[in-house]
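So the sequence shown is numbered by full-length UniProt numbering: it starts at 1 and just counts up by one.
Glycine residues also receive a C-beta, built at the ideal position from the N, C-alpha and C atoms.
Some notes on the structure that comes next.
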Amino acid sequence: MAEFNSHIITNAGRNLLARALAGEGKVIFTKAAFGDQKHSGNLREVTELKNKKLDLNVMNIRNDNGTAVLTVQISNQNVDQSFQTEEFGVYAKIENDVSEVLYSYTTAVSADTFPNNRLGKTYESIQDIYMAISSDVEAEIYVRDGVIYLTRDIANQVYTETGVIAVGNLKGRSNLEENKQYLADDGHWYKNIGGNRSWNSSTGIPDEQLIPITWEYLYKSLNTKEGQLIQNLNGLLGKNNGQFPVDQAVEGNVYYFPANQKYYYCLKSQSGRTSVPNADFEEMSIWANKKKLENLIKSDNFNSHNQGWFQIASRLIVYGSFEYTYGINSLQNFTLSLPIPNWQNANVIISSLDTTTNNILSSMQARLTSATTLTVKASNSFGGKGLVSYLIIARV
Numbered sequence: 001m002a003e004f005n006s007h008i009i010t011n012a013g014r015n016l017l018a019r020a021l022a023g024e025g026k027v028i029f030t031k032a033a034f035g036d037q038k039h040s041g042n043l044r045e046v047t048e049l050k051n052k053k054l055d056l057n058v059m060n061i062r063n064d065n066g067t068a069v070l071t072v073q074i075s076n077q078n079v080d081q082s083f084q085t086e087e088f089g090v091y092a093k094i095e096n097d098v099s100e101v102l103y104s105y106t107t108a109v110s111a112d113t114f115p116n117n118r119l120g121k122t123y124e125s126i127q128d129i130y131m132a133i134s135s136d137v138e139a140e141i142y143v144r145d146g147v148i149y150l151t152r153d154i155a156n157q158v159y160t161e162t163g164v165i166a167v168g169n170l171k172g173r174s175n176l177e178e179n180k181q182y183l184a185d186d187g188h189w190y191k192n193i194g195g196n197r198s199w200n201s202s203t204g205i206p207d208e209q210l211i212p213i214t215w216e217y218l219y220k221s222l223n224t225k226e227g228q229l230i231q232n233l234n235g236l237l238g239k240n241n242g243q244f245p246v247d248q249a250v251e252g253n254v255y256y257f258p259a260n261q262k263y264y265y266c267l268k269s270q271s272g273r274t275s276v277p278n279a280d281f282e283e284m285s286i287w288a289n290k291k292k293l294e295n296l297i298k299s300d301n302f303n304s305h306n307q308g309w310f311q312i313a314s315r316l317i318v319y320g321s322f323e324y325t326y327g328i329n330s331l332q333n334f335t336l337s338l339p340i341p342n343w344q345n346a347n348v349i350i351s352s353l354d355t356t357t358n359n360i361l362s363s364m365q366a367r368l369t370s371a372t373t374l375t376v377k378a379s380n381s382f383g384g385k386g387l388v389s390y391l392i393i394a395r396v
C-alpha cells in the first residue's frame with residue numbers, strides 16, 4: 001500500500017465534530033475511499049475526492065484518547081482497471097443525517113499501483129487509519145451491504161457485546177483509563193478496573209487489575225462471589241445445615257432454599273424428604289425480622305392523659321386512673337376503653353390516693369369481671385373521694 005501524508009480534518013469534518021460535541025448525536029463513519037488524482041492547496045476546503053476510484057468498508061473504530069483508529073478492508077475484487085492510489089478519504093455523518101461528508105483527506109507521498117481483478121481477487125488486506133477526533137465524541141461505524149471478512153481480533157473486540165469501550169494495544173501506552181478494555185500481548189482484551197492510572201509502556205502483559213473479557217472468567221468470578229456470599233451469610237446466621245431438598249430436616253437446623261435464595265429455620269423435625277419449605281419452616285430473612293421488630297411494641301393512649309396501653313411481644317399492659325367514691329364495702333364498676341384478652345387470668349394491680357388527705361390507702365381490692373369491666377372495692381369507714389390507679393397485665 002502507498003505511503004500517505006497525515007490525515008487532514010476537512011472543514012466539513014470539523015463542523016461534524018462540533019455538532020457531536022454540542023450533543024446532536026454520534027459520529028458515524030460510513031466508508032473510506034481511494035482516488036487516482038489529488039487536490040492541492042488548502043486541503044481543509046476539500047469536500048470530495050478529486051477522482052474517486054474505490055470505496056472501502058470500515059470494519060471497526062475505536063477512540064484512543066482523541067485519536068480515531070479506523071480499521072478498513074481493502075480488496076481488488078471490484079476493481080476492473082488498475083489505478084494509482086494518489087488520494088485517500090474518510091466519510092462520516094451525524095446519526096440520523098441523510099447524507100455523509102468527507103471527514104478527512106490525505107494525499108500520497110509516493111503513489112502505488114492498485115491491481116485490477118483480471119486474475120481474480122489477488123489483493124486483500126486490512127489497514128488501521130489514524131486521525132484526530134475529540135476524546136469526548138462517541139463514534140460508530142456503518143457497514144455497507146456486501147460481504148466483509150473479520151479478523152479474529154476485530155470479532156473478539158466488536159461482535160462479542162461487552163458494553164466496555166475498546167481503546168487499543170496495552171503495550172506502548174503510559175496511561176490506562178478506568179473501565180476501558182485493552183489488547184494484551186496474548187491476543188485477548190482486558191478491562192481495567194484499577195481506575196485512571198499510569199502504565200509501563202514497555203509491557204503488554206496484564207496485571208491483576210486488568211481482568212479478562214471472557215465468559216469463562218465471568219462464570220468463575222460469579223461462582224467465587226456466590227461462595228463468598230454464602231459463607232458470609234453462614235457467619236451472620238451462625239449455622240447452615242444444608243439446602244433443600246432435605247432428606248430428614250432436624251428441628252433447630254437452618255436450611256438454604258436456592259429457588260428464592262433464602263434461609264429457613266426448621267420448627268419441627270421432618271421424617272421424610274422435604275423439597276420446599278412448608279409450614280414447619282420459618283423464613284430467616286432480614287425483611288421478616290424487620291416486620292417482627294416493628295410489631296414488637298405497640299401502644300395507644302386513647303387521646304387521654306390518664307389512660308392507655310402498650311404491648312410487648314405477647315404481653316398486653318393496660319394502665320389508667322379514675323375517681324372513686326369511698327364507703328364501707330363499696331363496689332364500683334369502671335368500663336375499660338380496651339377489651340382485655342384472656343381477662344379471666346389477667347393480673348390486676350391498683351393503688352389508691354385519698355385526694356382530701358393525700359394519704360395512700362391500702363384496703364383496696366380489684367378484679368376483672370368482664371373483658372371491659374374493672375370492679376373495685378374499698379373497705380373504709382369514712383366517705384370521700386380518691387384517685388384509683390390501675391395496671392392490668394394480660395397474655396395476648
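Cut-off 8 angstroms between Cβ atoms - residues of its own chain near residue i, not counting five sequence neighbours on either side
{"i": "M284", "result": "L237, V254, K262, Y263, Y264 and Y265"}
{"i": "T369", "result": "N333 and T375"}
{"i": "P258", "result": "Q243 and F244"}
{"i": "L16", "result": "V27, A92, K93, I94, V101 and Y103"}
Sequence-distant residues of its chain with Cβ nearer than 7 angstroms to residue i (five each side left out)
{"i": "E282", "result": "Y264, Y265 and L267"}
{"i": "N116", "result": "N76, V79, D80, Q81 and S82"}
{"i": "I8", "result": "L43, R44, S104, Y105 and T106"}
{"i": "S275", "result": "F244 and P245"}
{"i": "R19", "result": "I94"}
{"i": "E323", "result": "K385 and L387"}
{"i": "S389", "result": "S321, I350 and S351"}
The beta strand (DSSP E) enclosing residue i, as first and last residue numbers
{"i": "N192", "result": "W189 to N192"}
{"i": "E323", "result": "R315 to Y326"}
{"i": "R367", "result": "M364 to S370"}
{"i": "I211", "result": "L210 to P212"}
{"i": "L353", "result": "N347 to D354"}
{"i": "I94", "result": "E87 to I94"}
{"i": "Q311", "result": "Q307 to I312"}
{"i": "residue 424", "result": "As displayed, the chain neither begins before 1 nor continues past 396, which places residue 424 out of reach and without an answer."}
{"i": "S110", "result": "V101 to S110"}
{"i": "L374", "result": "T373 to A378"}
{"i": "residue 404", "result": "The requested residue 404 is not part of the displayed model; the chain covers only 1 to 396."}
Range of the contiguous alpha helix (DSSP H) that encloses residue i
{"i": "A249", "result": "Unbroken run through A249: none, as it is neither H nor E."}
{"i": "N11", "result": "N11 to L21"}
Residue environment, residue i, which counts as buried when at least 16 other CB atoms sit within 10 Å
{"i": "L130", "result": "First, the residue type needs correcting, since residue 130 is Tyr and not Leu in the sequence shown. Classification of Y130: exposed, given that the 10 Å Cβ count is below 16."}
{"i": "V143", "result": "Below a pLDDT of 50, predicted positions are generally treated as unreliable, and V143, at 41, falls in that range; no measurement from the model is reported."}
{"i": "G168", "result": "buried"}
{"i": "V90", "result": "buried"}
{"i": "Q73", "result": "buried"}
{"i": "S221", "result": "exposed"}
{"i": "Q307", "result": "buried"}
{"i": "T113", "result": "exposed"}
{"i": "K26", "result": "exposed"}
{"i": "S201", "result": "exposed"}
{"i": "P277", "result": "buried"}
{"i": "K385", "result": "exposed"}
{"i": "V396", "result": "exposed"}
{"i": "Q181", "result": "buried"}
{"i": "K38", "result": "buried"}
{"i": "V147", "result": "Here V147 scores only 39 on pLDDT, less than 50, and its place in the model should not be relied on; the value that follows carries that caveat. It is exposed - the Cβ of V147 has fewer than 16 other Cβ atoms within 10 Å."}
{"i": "V250", "result": "exposed"}
{"i": "V98", "result": "exposed"}
{"i": "L21", "result": "exposed"}
{"i": "S352", "result": "buried"}
{"i": "L170", "result": "buried"}
Nearest-angstrom Cβ-Cβ length linking residue i and residue j, presumed shorter than 8 angstroms
{"i": "T355", "j": "L387", "result": "6 angstroms"}
{"i": "I61", "j": "L49", "result": "That pair is no contact at about 20 angstroms."}
{"i": "K121", "j": "T30", "result": "That belief does not hold up - the Cβ atoms of K121 and T30 are roughly 23 angstroms apart, past 8 angstroms."}
{"i": "L391", "j": "I360", "result": "Between I360 and L391 the Cβ distance is about 15 angstroms, and since that is not below 8 angstroms, they are no contact."}
{"i": "Q209", "j": "G194", "result": "3 angstroms"}
{"i": "T372", "j": "P339", "result": "5 angstroms"}
{"i": "T10", "j": "T47", "result": "7 angstroms"}
{"i": "I133", "j": "V164", "result": "That belief does not hold up - the Cβ atoms of I133 and V164 are roughly 19 angstroms apart, past 8 angstroms."}
{"i": "S110", "j": "A2", "result": "6 angstroms"}
Close beta carbons around residue i, own chain, < 6 angstroms, minus the five adjacent residues each side
{"i": "N179", "result": "none"}
{"i": "P206", "result": "A184 and Y190"}
{"i": "N36", "result": "Here the sequence assigns Asp to residue 36, which means Asn is not the residue at that position. Closer than 6 angstroms at the Cβ level, and outside the excluded window around D36, lie N51, K53, F83, Q84 and E86."}
{"i": "I317", "result": "F310 and I393"}
{"i": "D128", "result": "V69 and T71"}
Contact test: residue i Cβ vs the ligand SAM heavy atom, cutoff 7 angstroms
{"i": "Q77", "result": "As presented, the structure is devoid of all ligands, the ligand SAM included, so that no description of it is given."}
Paired residues, beta bridge with residue i - DSSP
{"i": "R197", "result": "L176"}
{"i": "Q181", "result": "A166 and K191"}
{"i": "V72", "result": "V58 and Q127"}
{"i": "I393", "result": "I317 and N347"}
{"i": "I8", "result": "Y105"}
{"i": "Y265", "result": "V254 and E282"}
{"i": "K385", "result": "T325"}
{"i": "K121", "result": "Answer is none; K121 lacks a bridge partner."}
{"i": "E3", "result": "S110"}
{"i": "N333", "result": "T375"}
{"i": "I360", "result": "L353"}
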